[in-house]
Amino acid sequence: MIQKIFPYIEVMRPGLMVLSIVASVCLLIYSNNFIFPKSILIVLTIVSFNTFFNMCNELLDEDTDRIIKPHKPIPSGRVNRDIVKFLMFFMFLIGFTSLILLVYYYGIYYLILGCMGLFGGFIYNVFREKGLIGNFALGMTYFSAAMMSSNDLVFSVGFGSLTMAFNVAVQIEDVYGDLLANINTLPIEFDINFSKIFSIFLAVISFFFLSKYGVFFTLCPILVILSVIIDKKVVYKVLLRYICRIFMLCGFLCLVI
């Protein structure tokens, strides 16, 4: 039974789900904004929409993953696509309901942030715009999520920039699979060298914005830069990005310690 359920959990990207929970809760506490039931609605909105878009990305990336990551649940056939779509709809419904309640009880501020996040998420994950515009849309989505939790403009700009830098670094590694799958990512829209410079530029911006929030957030942009510039096997680049995610998690936790 567990073996049948686990692939569906894998499609939901549990690592990113945990990170979104920890990030939103820690930012709420850090900003003295952890107020029941408002904080619960914020966490549900962020985590549910984040999971929805992650699952959407997994579903629509099937052609690319079949080429470069055939072991993943969807291209390997370990999950039923209809069940994945149902779970996606369920997560969207939770997020949408939570957002409506936030707007109703706490004001239009959350409507603006929610619309920004949804607009960016749909551009990148649903309409498959993954070039320059798509990366800015993705950054806007994470910016709005950070603002919703923290009301901290400096942190939110830095976190949005870091997310964009990280994503472009991943696109550089996936360029050949994306090219074969006819997905127009930034390295394909322009070229790999431009994408490396752009990723490093965004990482530098995030470094200056996030350095005041502790050593882990200071190190994250450095790890992204290293993953872009090192001329080593892909496994080392991937390892650096996984360490970066762990450092993000530690950075959020340190905000409340």
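Last residue of the sequence shown: 538 in the working numbering, with the numbers rising by one and none dropped.
Note that beta-carbon positions come from the ideal geometry of N, C-alpha and C, so glycine has one too.
Only a predicted model underlies this, so the values are computations on that prediction, with no experimental measurement involved.
Query raised in the report: How about Tyr311 and Leu536: are their beta carbons less than 7 Å apart?
Result: yes
Query raised in the report: Using the rule of at least 16 other Cβ atoms within 10 Å of the residue's Cβ for burial, across every protein chain shown, is Ile478 buried or exposed?
Result: Of the residues assessed, Ile478 falls on the exposed side of the cut-off, its CB having fewer than 16 other CB atoms within 10 angstroms.
Report task. Mind reading off the beta-carbon distance from Gly412 to Leu467? Whole number of angstroms is fine, and I expect it under 8 Å. Result -> 5 Å
Report task. Please report how far the alpha carbon of Pro356 lies from the alpha carbon of Ile316, in whole angstroms. Result -> 42 Å
Query - Those residues which DSSP pairs with Lys411 across a bridge - result: Paired residue(s): Thr466.
Query - Cβ-based burial, Asn416 [other Cβ within 10 Å; buried from 16] - result: buried
Query raised in the report: Considering only residues of the stretch 283 to 313, which uninterrupted alpha helix (DSSP H) runs meet the minimum length of 4 residues and lie entirely inside it, listed in chain order?
Result: List check, alpha helix (DSSP H) in window: 283 to 292, 295 to 311.
Query - Rounded Cβ spacing between Phe490 and Val435 (contact assumed at less than 8 Å) - result: 6 Å
Requested in this report: Identify which residue in Val509, Val324, Ile527, Val438 has its Cα closest to the Cα of Leu383.
Outcome: Val324
Query raised in the report: Considering only C-alpha positions, which residue in the set Ile503, Ser379, Arg362 is nearest to Pro288?
Result: The shortest C-alpha separation from Pro288 is found at Arg362.
Report task. Give a yes or no on whether the C-beta atoms belonging to Met298 and Phe333 are separated by under 7 Å. Result -> No, the Cβ-Cβ distance between Met298 and Phe333 is not below 7 Å.
Query raised in the report: Would Val449 be called buried (16 or more neighbouring beta carbons within 10 Å of its own) or exposed?
Result: Classification of Val449: buried, given that the 10 Å Cβ count is 16 or more.
Query raised in the report: I think Ile453 touches Ser476, with their Cβ atoms under 8 Å apart; what is that distance to the nearest whole Å?
Result: Approximately 5 Å separates the beta-carbon atoms of Ile453 and Ser476; this is inside 8 Å, confirming the contact.
Report task. With Ser480 as the anchor, note down where its alpha helix (DSSP H) starts and where it stops. Result -> 473 to 491
Query raised in the report: Closest Cβ-Cβ distance between Phe330 and chain D: below 7 Å?
Result: Looking for chain D here will not work: only one protein chain is present.
Query raised in the report: If you scan the stretch 370 to 443 from start to end, which runs of the alpha helix (DSSP H) of 4 or more residues do you find wholly inside it?
Result: 389 to 402, 413 to 431
**Report entry** Nearest to Arg409 (by Cα), restricted to the options Ile473, Asp344, Met293
**Finding:** Asp344
Query - Buried/exposed call for Leu483, threshold 16 Cβ in 10 Å - result: buried
**Report entry** Buried/exposed call for Asn406, threshold 16 Cβ in 10 Å
**Finding:** Burial state of Asn406 is buried, judged by a 10 Å Cβ sphere holding 16 or more other Cβ atoms.
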